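Peer 1: When we follow this note's numbering, the leftmost residue of the sequence shown carries the number 918, and every step to the right adds one.
Even glycine gets a Cβ: it sits at the ideal position worked out from N, Cα and C.
Remember, predicted model here, so these are calculated numbers, not experimental data.
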Amino acid sequence: MNAAEILIRCLENEGVQYIFGIPGEETLEIMEAIKNSSIQFITVRHEQGAAFMADVCGRLTGKAGVCLSTLGPGATNLVTGVADANSDGAPLVAITGQVGTERMHLTSHQYLDLVNMFTPITKKSKQIVRPDTVNEIVRIAFKYAEAEKPGACHIDLPCNIAAQEVSNEIAQIPLKHHRENRRIASNEAILKAAELIRSAERPVILAGHSAVRNQASKTLAKFAEKTKIPVISTMMAKGIIPCNSSYSLWCIGIPQKDYPNYAIEKADLVIAVGYDIVEYAPVKWNPNGDKRIVHIDETPNHVNKFYQPEEEVIGHITESLLALEKLCKNREEPEWAFDIRQKMVNDQSMFDDCDSFPPKPQKVLHDIRRVMGEEDILISDVGAHKMWIAREYHCYYPNTCIISNGFATMGIAVPGALAAKLLNPNKKVLAVSGDGGFMMNSQELETARRYHLPFVTLIFTDANYGLIKWKQEERYGESYAIGFSNPDFVKYAESLYLKGYRIEKTADIIPTLEEAFRQDVPCIIECPIDYAANMELSAHLKNDLPKEMADEF
């Protein structure tokens, strides 16, 4: 067997089912090996889309998604998606073709030092320079990609090495996996954390993505109920406890000071469970650096002057919560938090029956929630709509609303939805995108049609880079250089042999979504949006909410 065949054998051993990418001249041996393997190659239309697909596969499964490109421009096209996975904590392995080693010391066609290029955006970046090291390098890549905190790893395979035979029998055999030995928090840390929790009058839990990755959702929900401590999630931990739980204070993360910010402001202890500062900067919820904090996670906290825990409980999150639950029961109900929650419910139900057109984002998301089942999956792109999804689209289970909020990358929704539908063929999958983000990777809808993956893409259209417009208007009172024009999205869909719809009146949102989900091809729904709601929300949170919350403080 040659090195490329060993590579693919090792990927099979890692449980890889799909590789997303585009073939190239320097990956001919790899493609031939894939053809003769159990792995399905998903041929995409742009390498960035391939990386996003691998990213979302990793996030949904906990196992590294795999993407493949050729050398040079193919590899540079992977960079944004690889960086997104690394920042968001999604396990991913990127494989790139490369010129032969005999050309690397010369100025050479399409040659880049890809190991150095990928090093800042991955946990490990390695080039295979000996064919008998393939099995070791593959195991290293997957070990680091999947270890907490997960992220991206990169393997670079020169084409002459890929074609070389591997004669050493040991080098032909994929390396063994070893079950991870999960660390258990020390008794001392548990006891100190429990004392801090028991002595707090108004503790609140801030739950992050690590709690989702490490499957602590059910335990955290039980912990909240037993200890009577309210829970706020980051965008990437939406659904960590059910949105209809009386202890759920929903999601924090929009730029403005919202209800969850007031809850943390009133709290005298923040219990950060699986919280990563990349998701939502601590200066935004602890601007004075004076909050008492307990850090509960699989790994130690990051160094940050606005995030200095009184105690770190480092170990298996579920085991830590179970131990703390036994020591922290029998608290009084958090009536102060229930009052805030009721205000949130009242606030966010104001537009449920609003029939103005174009519809407000609150109304669109209310109607989406009525169509989507509790375990269906929404993939959010990045833009103004992401802020509304974070605030208004409530989840019952984790990983049913996928938001990139570490690297926060536009263009992820369509390729991400393709990956989600590939993994969950029996669930509704909805990509929600702005017209800016949609046009960055809309070509992957052809990929979705070709592989018969019928998800729905809902485009919020306003012919602007809406989030930047919102920020400009907040800061300067006007916007600049954020406008563009759009194609006819219905005809665009039809040109790709898809179904296209346009919302003409607000009452059509639900029936159009329902019809689109009945189709056996991907669908595009164009929905004009009333983004006057952006500045209305800013004004409400700046002027009305402080008065409304005054009685709480």
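(1) From the DSSP output, in three-state form, read off serine 1084 for me.
(2) Quick one: what does DSSP say alanine 1138 is sitting in, helix, strand or coil?
(3) Under DSSP, the beta strand (DSSP E) around lysine 1416 begins and ends at which residues?
(4) Using only alpha-carbon positions, find the residue among Thr1151, Trp1387, Pro1226 that is nearest to valine 1187.
(5) Based on DSSP bridge pairs, tell me the residues matched to tyrosine 1224.
(6) Can arginine 976 and alanine 1007 be called in contact, C-beta distance under 8 Å?
(7) Closest to valine 1281 by CA distance: which of Thr1013, Met1034, Leu1430, Leu1454 is it?
(8) So within the stretch 1337-1408, which uninterrupted beta strand (DSSP E) runs reach at least 3 residues, ignoring any that extend past its ends?
(9) Going by DSSP, what residue range makes up the beta strand (DSSP E) through phenylalanine 958?
(10) Look at the alpha carbon of glutamine 1389 and the alpha carbon of aspartate 1272, and state the distance between them as a whole number of angstroms.
(11) Can you check whether the CB of alanine 1380 is closer than 8 Å to the CB of serine 1402?
(12) Give the secondary structure of lysine 1066 by DSSP, where H, G and I count as helix, E and B as strand, and everything else as coil.
(13) Identify, in the order they occur along the chain, each residue of the same chain with its Cβ nearer than 6 Å to the Cβ of threonine 1036, setting aside the five sequence neighbours on each side.
(14) List the residues that DSSP assigns as beta-bridge partners of serine 1042.
(15) In this structure, how does DSSP classify proline 1120 when only helix, strand and coil are distinguished?
(16) Count Cβ pairs between the stretch 1168-1186 and the stretch 1251-1261 that sit closer than 8 Å; are there 3 or more?
(17) Give a yes or no on contact between the stretch 1231-1241 and the stretch 1101-1113, applying the rule of three or more CB pairs nearer than 8 Å.
(18) Mind checking which residues open and close the alpha helix (DSSP H) that includes tyrosine 1176?
(19) Since glutamate 1157 and alanine 1128 are thought to touch, with beta carbons under 8 Å apart, how far apart are those beta carbons, to the nearest angstrom?
(20) From the DSSP secondary-structure annotation, give me the bridge partner or partners of serine 1025.
(21) Would you mind stating whether leucine 1335 and cysteine 1318 have Cβ atoms separated by less than 8 Å?
(22) Distance, Cα to Cα, isoleucine 1210 vs asparagine 1341?
(23) Going by the CB atoms, is the gap between proline 990 and asparagine 1052 shorter than 8 Å?
(24) Flag this pair as yes or no: are the beta carbons of glycine 932 and aspartate 972 separated by less than 8 Å?
(25) Could you give the distance in angstroms between the alpha-carbon of cysteine 984 and the alpha-carbon of glycine 1383?
(26) I want to know whether the stretch 1289-1307 touches the stretch 1242-1256 - three or more CB-CB distances under 8 Å.
(27) Tell me which residue opens and which closes the alpha helix (DSSP H) that leucine 1244 is part of.
(28) State the Cα-Cα distance for the pair proline 1371 and glutamate 1363, rounded to the nearest angstrom.
(29) What residue range is occupied by the uninterrupted alpha helix (DSSP H) comprising proline 990?
(30) Could you give the first and the last residue of the continuous alpha helix (DSSP H) run that contains leucine 928?
(31) For the stretch 1076-1090 and the stretch 1104-1123, state whether three or more C-beta atom pairs, one from each stretch, are separated by less than 8 Å.
(32) Tell me the DSSP bridge mates of threonine 1013?
(33) For isoleucine 1399, which residues from the same chain have a beta carbon less than 6 Å from its beta carbon, with the 5 sequence-adjacent residues on both sides left out?
(34) How is the beta strand (DSSP E) around phenylalanine 937 delimited, first residue to last?
(35) So, helix, strand or coil for aspartate 1305, using DSSP?
(36) Taking only the alpha-carbon atoms, compute the straight-line gap between alanine 1365 and glutamine 965 and give it to the nearest angstrom.
Peer 2: Once the coordinates are examined:
(1) Serine 1084: coil per DSSP, three-state reduction.
(2) Look at alanine 1138 here: in three-state DSSP terms it is helix.
(3) Looking at the DSSP string, the run of the beta strand (DSSP E) that includes lysine 1416 is 1416-1419.
(4) Nearest of Thr1151, Trp1387, Pro1226 to valine 1187, Cα basis: Pro1226.
(5) Paired residue(s): Asn1221.
(6) Judged by their CB atoms, arginine 976 and alanine 1007 are nearer to each other than the 8 Å cut-off.
(7) For the residues Thr1013, Met1034, Leu1430, Leu1454, the minimum Cα distance to valine 1281 belongs to Leu1430.
(8) If we require 3 residues or more, the beta strand (DSSP E) runs fully inside the stretch 1337-1408 come out as 1346-1351, 1373-1378.
(9) Where phenylalanine 958 is concerned, the enclosing beta strand (DSSP E) starts and stops at 957-960.
(10) Rounded to whole angstroms, the separation of the alpha carbons of aspartate 1272 and glutamine 1389 is 28 Å.
(11) Yes, the pair counts as a contact, with Cβ atoms nearer than the cut-off.
(12) Correct three-state label for lysine 1066: coil.
(13) Closer than 6 Å at Cβ, skipping near neighbours: Ser1042.
(14) Answer is His1071, bridged to serine 1042.
(15) The answer is strand: DSSP assigns proline 1120 an E or B state.
(16) Output reads yes: the stretch 1251-1261 touches the stretch 1168-1186.
(17) Result yes; three or more Cβ-Cβ pairs closer than 8 Å.
(18) Its alpha helix (DSSP H) spans residues 1176-1183.
(19) Here residue 1157 turns out to be isoleucine, not glutamate, going by the sequence shown. That belief holds up - the Cβ atoms of isoleucine 1157 and alanine 1128 are roughly 6 Å apart, short of 8 Å.
(20) Bridge partners of serine 1025 according to DSSP: none are assigned.
(21) No, the Cβ-Cβ distance between leucine 1335 and cysteine 1318 is not below 8 Å.
(22) Distance from the CA atom of isoleucine 1210 to the CA atom of asparagine 1341, rounded to whole angstroms, is 38 Å.
(23) At a Cβ-Cβ threshold of 8 Å, asparagine 1052 and proline 990 do not count as neighbours.
(24) Here glycine 932 is not near aspartate 972, since their CB atoms are 8 Å or more apart.
(25) In this structure, the CA atom of cysteine 984 is about 31 Å from the CA atom of glycine 1383.
(26) The stretch 1242-1256 and the stretch 1289-1307 do not touch, with fewer than three beta-carbon pairs separated by less than 8 Å.
(27) It spans 1234-1244 - the alpha helix (DSSP H) in which leucine 1244 sits, taken as one unbroken run.
(28) Between proline 1371 and glutamate 1363, the C-alpha separation is close to 11 Å.
(29) It spans 990-1005 - the alpha helix (DSSP H) in which proline 990 sits, taken as one unbroken run.
(30) Bounds of the alpha helix (DSSP H) holding leucine 928 are 920-930.
(31) No, the stretch 1076-1090 is not in contact with the stretch 1104-1123.
(32) In the DSSP assignment, threonine 1013 forms a beta bridge with Ser986, Asp1073.
(33) For isoleucine 1399, where only same-chain residues beyond five positions count, the Cβ hits under 6 Å are Asn1381, Tyr1382, Ile1385, Lys1386.
(34) Run containing phenylalanine 937: 935-938, per the beta strand (DSSP E) assignment.
(35) Here the sequence assigns tryptophan to residue 1305, which means aspartate is not the residue at that position. Three-state DSSP puts tryptophan 1305 in a helix.
(36) One C-alpha to the other measures close to 15 Å.
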